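Data block below; observations after.
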Amino acid sequence: MHLSEFDYNLPKEFIAQRPLENRDESKLMVLNRADQTIEHHQFFELPDILSPDSVLVFNESKVIPARLKFKLGNGNAEILLIKPSSDNTWECMVKPGHKFGPKTDIQIDSELNAHVKDITPHGLRVIKFHCDDFDAYLKKHGHTPTPPYIKEEVSDPEKYQTIYAKTEGSVAAPTAGFHFTDKVFKGLKEKGIQTEFITLHVGLGTFQPVKVDKITEHKMHSEWFSLPEDVAERLNKAKEEGKKIIAVGTTSIRVLESCADNGVLIPKCGETDIFIYPGYKWKFVNQMITNFHVPKSTLLMLVSSFANRDFILKAYETAKEKKYRFFSFGDAMLIK
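Numbered per this note's numbering, the sequence shown spans residues 1 to 336.
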């Protein structure tokens, strides 16, 4: 398949620049794969839409303040932490790139300096940070790393976290979870809907642009995940009982599908570079909740694999007609 098959036109006014004040008032488009129909709801209706035999699986990874902005020479510079490799050493995206050659020493400020050790095949810089307490430095000086299509600085970092975020490590939020509020969780509990939590630290694998024409030639960057044994046991039991496994977000999907073997989850902790696109044979997930994705992205390819590319792109056109909000701070989709 070619990259152009996952393109669509999106005027910039559809790109949500900030979250809604009440997260669960976002629109919820429901796609029924069986009869190719589309319904329109609001997210707070989710507990009423789902059947009691549903199991929701969430990614509880927490976004870290991974963006460093500083002066370098006569200009501005930026480092975005992507993935830790060892003590205070990270794979990073940088700009301007020519200022971060191998073996370069960078003085960021009086508290922090850095040494560029190497450049990865993906073009990331392997940077060793020298600081008394790097985690404390990030909490004090780091910025929330939002996608480039969000032009406004996030005033409150909590607005770029899910309310259940727990394990620090992501450099982008698992945004399908933004719509969940205490009220929605209360409704799910009252209906007896099971909820489970796993971890995938969102990194370059999730948001790296595809730069090849034939999508099969795209190489995913690996991301760290954890599927605990007790969670795997409960999910396997639910699956055996015929319950519907509903992944909240593409990151939850990638964990479940990475760990599934003949329809059974194997508890694991490690790295995944799974790339899901049309033709993929689904192993464990029955339904998904996701946002509206960037054109030509691996995320759009993933949902197209689950629901049929033509149906997804038709739904996106319908979303524009109905004034849905797109991307990270935008509205949601439930694919049944």
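Even for Gly, the Cβ is constructed at its ideal location relative to N, Cα and C. All of these numbers come straight from a predicted model, not from anything done at the bench.
| field | For Leu-124, three-class secondary structure by DSSP | value | If DSSP states are grouped into helix, strand and coil, Leu-124 belongs with coil.
| query | For the beta strand (DSSP E) that Phe-225 lies in, which residues bound it at each end? | reply | Judged by DSSP secondary structure, Phe-225 falls within the beta strand (DSSP E) whose first and last residues are 223-227.
| query | From Ala-114, Ser-226 and Ser-258, pick the residue whose C-alpha is nearest to that of Asp-87; which is it? | reply | When the alpha-carbon of Asp-87 is set against those of Ala-114, Ser-226 and Ser-258, the nearest one is in Ala-114.
| said: Please give me, in chain order, every unbroken run of the beta strand (DSSP E) with length at least 3 that falls completely inside the stretch 34-99. | reply: Taken in chain order, the complete beta strand (DSSP E) segments of 3 or more residues contained in the stretch 34-99 are 37-42, 54-59, 61-63, 67-72, 75-86 and 89-95.
| message | Just to confirm the assignment: which complete beta strand (DSSP E) runs, minimum length 3, are found wholly within the stretch 234-319? | response | Complete beta strand (DSSP E) runs here, min 3: 244-248, 268-272 and 287-291.
| For Thr-162, which beta-bridge partners are listed by DSSP? | Answer by DSSP bridge pairing: none, since Thr-162 is not bridged.
| task | Would you tell me roughly how many angstroms separate the C-alpha atoms of Lys-140 and Arg-18, rounded to the nearest one? | result | If I take the Cα positions, the gap works out to 23 Å.
| Cβ-based burial, Cys-259 [other Cβ within 10 Å; buried from 16] | The residue is buried, with at least 16 neighbouring Cβ atoms inside 10 Å.
| request: Report yes if the C-beta distance between Pro-147 and Ser-328 is below 8 Å; otherwise report no. | output: Pro-147 places its beta carbon less than 8 Å from that of Ser-328.
| message | Rounded to whole angstroms, what is the Cα-Cα separation between Leu-200 and Leu-256? | response | The C-alpha of Leu-200 lies about 10 Å from the C-alpha of Leu-256.
| Would you say Ser-305 and Tyr-280 are within 8 Å of each other, going by their C-beta atoms? | Yes. Within cutoff.
| field | Per-residue DSSP class, three states only, for Leu-3 | value | In this structure, Leu-3 counts as helix in the three-state DSSP scheme.
| task | Compute the distance between the beta-carbons of Met-93 and Leu-80, then report whether it is under 8 Å. | result | Yes, the Cβ-Cβ distance between Met-93 and Leu-80 is below 8 Å.
| Does the distance from the CB of Thr-162 to the CB of Val-154 come in under 8 Å? | Going by C-beta atoms, Thr-162 is not nearer than 8 Å to Val-154.
| task | Reducing DSSP to helix, strand and coil, say where Phe-326 ends up. | result | Three-state result, Phe-326: strand.
| Same chain, Cβ closer than 6 Å to His-2, five either side skipped, listed in chain order | Same-chain partners within the cutoff: Asp-213.
| message | For a quick check, are the C-beta atoms of Val-126 and Phe-100 less than 8 Å apart? | response | No, the pair does not count as a contact, with Cβ atoms beyond the cut-off.
| said: Checking 8 Å against the spacing of the C-beta atoms, do Glu-158 and Ser-222 come in under that value? | reply: Contact annotation: Glu-158 and Ser-222 have beta-carbon atoms that are not nearer than 8 Å.
| request: Work out the CA separation of Tyr-277 and Val-303 for me, nearest whole Å. | output: Taking the straight line joining both Cα atoms gives about 8 Å.
| query | Excluding sequence positions up to five away, which residues of its chain have a Cβ less than 6 Å from the Cβ of Pro-295? | reply | If we look at Pro-295 and ignore the five residues flanking it on each side, its Cβ neighbours are Asp-7 and Tyr-8.
| Is it the case that the Cβ atoms of Ser-170 and Ile-64 are separated by a distance below 8 Å? | Going by beta carbons, Ser-170 and Ile-64 fall inside the 8 Å limit.
| request: Take every Cβ of the stretch 181-191, pair it with every Cβ of the stretch 41-56, and state whether three or more of those distances are shorter than 8 Å. | output: A contact between stretches requires three or more CB pairs, one per stretch, nearer than 8 Å, and the stretch 181-191 meets this requirement with the stretch 41-56.
| message | On the criterion of 16 or more Cβ atoms from any shown chain inside 10 Å, does Asp-310 qualify as buried, or is it exposed? | response | Answer is exposed; the Cβ neighbour count stays below 16.
| From Ile-312 to Lys-103, what distance separates their C-alpha atoms? | Cα to Cα, the separation comes out at about 46 Å.
| What three-state label does DSSP hand Gly-169 in the structure shown? | The three-state secondary structure of Gly-169, taken from DSSP, is strand.
| field | Opposing strand residues paired with Ala-136 [DSSP bridges] | value | For Ala-136, which the question treats as bridged, DSSP gives no partner whatsoever.
| Cβ-based neighbour list, Pro-228, same chain, cut-off 7 Å, excluding 5 preceding and 5 following | Pro-267.
| request: Would you list the one or two residues that DSSP bridges to Leu-334? | output: Looking at the DSSP assignment, Leu-334 forms a beta bridge with Val-30 and Ile-289.
| task | In the DSSP assignment, find the beta strand (DSSP E) that holds Val-184 and state where it starts and stops. | result | Here Val-184 belongs to no beta strand (DSSP E); instead the alpha helix (DSSP H) covers 182-190.
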